[in-house]
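**Q** Dropping the structure in here first, questions after.
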Amino acid sequence: MTAPLKATAALVTALLLVLTTAAPARAATPATKAPVAGTLRAYDVSGVYVAGVSSGGYMATQLHVAHSSRIRGAAVFAAGPYYCAQNNVAQALDGCGDNVYPTNVPALQAYTRTWASYGWVDPVGNLSGDPVYVFHGNGDTVVRKSVTDDLVRYYQHFGASVQYDSGSPAGHAWVTPYGTLGCAATASPFLADCGTDPQNALLRKLLGSVRAPNTGPLGGTLIRFSQHTYAVNGWAPGLSMGPDGFAYVPASCAAGRSCRLLVALHGCLQGHGAVGTAFVDRANLNQYADTNDLIVLYPQAGTAATNPNGCWDWWGYLGATNYPIKGGAQLETIMNMVRRLDG
Numbered sequence: 003m004t005a006p007l008k009a010t011a012a013l014v015t016a017l018l019l020v021l022t023t024a025a026p027a028r029a030a031t032p033a034t035k036a037p038v039a040g041t042l043r044a045y046d047v048s049g050v051y052v053a054g055v056s057s058g059g060y061m062a063t064q065l066h067v068a069h070s071s072r073i074r075g076a077a078v079f080a081a082g083p084y085y086c087a088q089n090n091v092a093q094a095l096d097g098c099g100d101n102v103y104p105t106n107v108p109a110l111q112a113y114t115r116t117w118a119s120y121g122w123v124d125p126v127g128n129l130s131g132d133p134v135y136v137f138h139g140n141g142d143t144v145v146r147k148s149v150t151d152d153l154v155r156y157y158q159h160f161g162a163s164v165q166y167d168s169g170s171p172a173g174h175a176w177v178t179p180y181g182t183l184g185c186a187a188t189a190s191p192f193l194a195d196c197g198t199d200p201q202n203a204l205l206r207k208l209l210g211s212v213r214a215p216n217t218g219p220l221g222g223t224l225i226r227f228s229q230h231t232y233a234v235n236g237w238a239p240g241l242s243m244g245p246d247g248f249a250y251v252p253a254s255c256a257a258g259r260s261c262r263l264l265v266a267l268h269g270c271l272q273g274h275g276a277v278g279t280a281f282v283d284r285a286n287l288n289q290y291a292d293t294n295d296l297i298v299l300y301p302q303a304g305t306a307a308t309n310p311n312g313c314w315d316w317w318g319y320l321g322a323t324n325y326p327i328k329g330g331a332q333l334e335t336i337m338n339m340v341r342r343l344d345g
């Protein structure tokens with residue numbers, strides 16, 4: 003893939019996808035489940051959390067801030083603060099990636115407080131005490147550490163309980179024991195093996211405690227469902243979302259046990275249309291879901307003329323300024339899935 007040209011707005015979607023040459027790791031092979039066509043239904047959900055990487059990290063924060071009355075915590079890999087791009091392509095590229103332009107965290111915090119007063123996002127008091135796990139690799143040159151530092155500052159300002167993992171040599175990727183690339187790689191499918199297990203850390207932070215993952219055959223069901231059903235316009239591709247999404251449901255949750263729900267958001271060029279179920283299979287979340295009564299929802303972004311790399315909308319490429327608040331097209335489509343699952 004060609005590296006993004008900063009002068010070309012059409013290539014802004016490559017911001018989080020600058021590729022470097024890296025030798026693949028000898029990947030561990032996770033147990034997987036073949037997707038089964040089905041529909042989402044209500045479960046006994048006791049709490050909702052969100053996690054994401056790169057553009058999915060930015061979307062995770064948008065979901066958390068806009069719907070903090072429902073979403074109790076967030077885990078963010080390789081991304082910056084809420085409303086970082088401020089509906090501006092140049093700011094997205096040069097402020098929220100290279101940090102040539104400042105992110106101006108106090109202004110972002112002020113926007114958040116003002117929008118909360120209008121009811122456009124939930125009250126900021128909800129963020130106080132919320133668990134937040136933040137990961138940034140020292141080898142990530144796509145989103146600079148100073149940008150992710152600002153994400154930490156943003157959350158701490160509102161009283162969130164932040165755990166910041168910034169000591170890894172990782173590149174721009176979701177780090178997982180099932181990564182197919184070496185730790186420092188920044189390349190498709192953006193799944194890196196650093197010999198660590200950040201999913202254990204993020205789930206301990208979000209859930210309070212975590213049992214060891216299932217390293218044998220998975221016992222749950224991977225449901226492939228239509229995202230059209232939940233799209234605010236009834237047609238997911240019109241929102242630059244894929245036709246189908248995925249949800250992993252452990253057998254215990256299907257049988258009626260009380261479970262938590264984690265929304266897991268892939269990054270650019272990491273959705274089903276680009277890498278199949280690589281993120282779904284190798285994120286190391288289904289393994290923990292099986293032993294921790296955790297449903298994992300995997301919404302899928304898609305490509306469009308304004309979004310050729312299948313990123314989530316964190317800078318307004320759909321043409322609407324409400325993308326980071328209640329009513330934002332992708333944000334509310336994902337929340338429609340959450341509302342269906344948690345009743």
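Heads up: take any position in the sequence shown, counting from 1, add 2, and you land on the numbering used here. No residue lacks a Cβ here, since even glycine has one placed at the ideal position from N, Cα and C.
#1: What three-state label does DSSP hand A187 in the structure shown?
#2: Is the distance from the Cβ of A194 to the Cβ of V177 below 8 Å?
#3: For S148, which of helix, strand or coil comes out of DSSP?
#4: Between the C-alpha atoms of G221 and A253, what's the straight-line distance to the nearest angstrom?
#5: Which ranges does the alpha helix (DSSP H) cover as unbroken runs of at least 4 residues, wholly within the stretch 271-311, from first to last along the chain?
#6: Would the stretch 46-57 count as touching the stretch 100-120 if we require 3 or more Cβ pairs under 8 Å?
#7: Say whether the stretch 288-301 touches the stretch 76-87, bearing in mind that this needs 3 or more beta-carbon pairs closer than 8 Å, one atom from each stretch.
#8: Using the three-state DSSP reduction, which class does T23 fall into: helix, strand or coil?
#9: Going by other Cβ atoms of all chains shown within 10 Å of its Cβ, with 16 needed for buried, is Y156 buried or exposed?
#10: Name, in chain order, the residues that DSSP records as bridge partners for N60.
#11: What are the boundary residues of the beta strand (DSSP E) that C261 is part of?
#12: Using DSSP's beta-bridge definition, name the partner residues of Y51.
#13: So the candidates are D46, N101, A36 and K35; which of them puts its Cα closest to the Cα of R259?
#14: Given this structure, state the Cα-to-Cα distance separating Q1 from K207, to the nearest angstrom.
**A** From the atom records:
#1: Mapped onto the sequence shown, residue 187 falls at position 185. Here A187 sits in coil by DSSP.
#2: Along the sequence shown, one-based indexing puts residue 194 at 192. Along the sequence shown, one-based indexing puts residue 177 at 175. Yes. Within cutoff.
#3: To locate residue 148, count along the sequence shown from 1; it is residue 146. Three-state result, S148: helix.
#4: What you label residue 221 is simply residue 219 of the sequence shown in a count that begins at 1. What you label residue 253 is simply residue 251 of the sequence shown in a count that begins at 1. Approximately 6 Å between the Cα atoms of the pair.
#5: 274-277, 280-284 and 288-294
#6: no
#7: As far as the Cβ criterion goes, the stretch 288-301 does not touch the stretch 76-87, which means the pair count is below three.
#8: Translated into positions along the sequence shown, residue 23 becomes position 21. Caution applies to T23, whose pLDDT of 34 falls short of 50 and renders its modelled position unreliable; the value that the coordinates give is listed next. In the structure shown, T23 sits in coil (DSSP, three-state: anything other than H, G, I, E or B).
#9: Within the sequence shown, residue 156 is the residue found at index 154, counting from 1. Around the beta-carbon of Y156, 16 or more other beta-carbon atoms lie within 10 Å, marking it buried.
#10: Residue mapping note: residue 60 aligns to position 58 of the sequence shown, counting from 1. Residue identity differs from the one stated: residue 60 is Tyr in this sequence, not Asn. Answer is none; Y60 lacks a bridge partner.
#11: Translated into the one-based positions of the sequence shown, residue 261 becomes position 259. Segment C261 to L267, the beta strand (DSSP E) holding C261.
#12: Start at 1 with the first residue of the sequence shown, and residue 51 comes out as number 49. Y51 is bridged to L264.
#13: As a first step, residue 259 is located in the sequence shown; it is residue number 257 there, counting from the start. Taking only the C-alpha atoms, the option nearest R259 is D46.
#14: Past the edges of the chain, shown from 3 to 345, lies residue 1, and the structure says nothing about it.
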